[in-house]
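Student:
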Amino acid sequence: MVTVTSRSEEQDVPPCTGCEAIAMELSAYFDNELDAAETAQVKQHLEHCAVCRKKLEGMQRLRDGFAQLAMHRVAPRRSILQGLLRLLTRTN
Ligand SMILES: [Zn+2]
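Going from the sequence shown to this note's numbering is simple: count from 1 and add 379.
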């Protein structure tokens, strides 16, 4: 018998114990908002948990993406505006 199961794309790593507790602190860890003890706890978990490492990686990528978006979107817009202003002041 062939059973067709449509699985989600994330089927590689099973969740480990303690992940939920760490997930709560992961964003705070990422923002350096945890105290030394909590930071050590998260680090220890990350060492043996690929799932949470991936989550952290995802956060990093997201932040990098936003930073790049901000750079690429805001900067050209400003230069376009400046270019337009220059054109306007010239023709006037
Ligand atoms: Zn974990």
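C-beta atoms are modelled at their ideal positions from N, C-alpha and C, and glycine is treated no differently.
I need the DSSP call for glycine 397, collapsed to helix, strand or coil.
Tutor: coil
Student: Residues in its own chain within less than 6 Å of arginine 386 by CB, not counting five upstream and five downstream?
Tutor: Note that arginine 386 has pLDDT 49, beneath the 50 cutoff, so the model's placement of it is unreliable and the number below is only indicative. Setting aside the 5 residues that flank it on each side, arginine 386 has no residue in the same chain whose C-beta is closer than 6 Å to its C-beta.
Student: How many Å lie between aspartate 414 and glutamate 404 at the Cα?
Tutor: 11 Å
Student: Just to confirm my understanding: we take isoleucine 401, look at its own chain, exclude 5 residues before and 5 after, and list those with CB closer than 7 Å. What are they?
Tutor: Val421, His424, Cys431
Student: Could you give the residue range of the alpha helix (DSSP H) that holds leucine 425?
Tutor: Counting along the chain, the alpha helix (DSSP H) containing leucine 425 begins and ends at 415-427.
Student: Short check: CB of phenylalanine 409 to CB of methionine 450, under 8 Å?
Tutor: Against a cut-off of 8 Å, the Cβ pair of methionine 450 and phenylalanine 409 comes out as no contact.
Student: Give a single yes or no on whether glycine 437 has its beta carbon closer than 7 Å to a heavy atom of ligand 1.
Tutor: no
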